[in-house]
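Residue numbers (full-length UniProt numbering): 1 to 182.
The structure appears right after this line, and notes come after that.
What follows is the structure, encoded as structure tokens:
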């Protein structure tokens, strides 16, 4: 996968200290990773780079929303996304990104790409089950919910109309005895 140029930060010309970078993340960013669960995205990302003599500390702070489909009704809604992620970049013999909070780049490097850290921190911060807020407070009106309600009412009416006590098959009676003989 190609690196996105806007997420490559050239650090060789930067002085020691803190540096800020601002990004606007949209759906196109997630399509680059072949992640298609978002209908749209509007996320503001603030990157704080604290450059020191032997390492660099990155703090990613993001907030915004992504439009996703509800896991219950499949209705689209805006899911709030906010969080932060901190990782360290050190210099070593060869590139190593096996540790999630530590990136090792070779001594001759003059830039670092942070796109993978941005992608993972946002996607992993989303809830595993996305439920439309209208379902929780009962304000969502949808055809699917209406149909579910219609079907659930029929099942309760059938239970009411069914006789509670009546002749049963003797085979079931003997099986019920097994449950009660514990």
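A virtual CB, placed ideally from N, CA and C, is assigned to each residue, including glycine.
Check, Outcome
"Helix, strand or coil at residue 108 according to DSSP, with G and I counted as helix", "coil"
"Whole-number beta carbon distance between residue 68 and residue 29, since they are thought to touch under 8 Å", "Wrong, their Cβ atoms sit about 15 Å apart, outside the cutoff."
"Spatial neighbours of residue 156 in its chain, beta-carbon cut-off 8 Å, leaving aside the 5 residues before and after", "The predicted model places residue 156 with a pLDDT of 48, which falls under 50 and marks its position as unreliable, so this point remains unresolved."
"Endpoints, the beta strand (DSSP E) within which residue 136 is located", "Note, residue 136: premise wrong, no beta strand (DSSP E); alpha helix (DSSP H) at 133-137."
"Whole-number beta carbon distance between residue 112 and residue 11, since they are thought to touch under 8 Å", "6 Å"
"For residue 71, three-class secondary structure by DSSP", "coil"
"Whole-Å CB distance - residue 125 paired with residue 83, under 8 Å assumed", "4 Å"
"Limits of the unbroken alpha helix (DSSP H) element including residue 176", "170-180"
"Cβ pair residue 62, residue 45 closer than 9 Å", "yes"
"N- and C-terminal bounds of the alpha helix (DSSP H) containing residue 87", "Residue 87 -> not in any alpha helix (DSSP H); beta strand (DSSP E) instead, spanning 76-92."
"Residue closest to residue 78, alpha-carbon to alpha-carbon, out of 134, 102, 100, 54", "134"
"Closer than 8 Å: residue 19 CB and nearest the ligand SAH heavy atom", "The ligand SAH is absent from the structure shown, which contains no ligands of any kind."
"Sequence-distant residues of the same chain with beta carbon closer than 6 Å to residue 71, five excluded per side", "129, 130"
"Host alpha helix (DSSP H) of residue 40 (start-end)", "It is not in any alpha helix (DSSP H) - residue 40 instead sits in the beta strand (DSSP E) that spans 40-51."
"Which residues DSSP lists as bridging residue 54, in chain order", "Residue 54 pairs with nothing; no bridge assigned."
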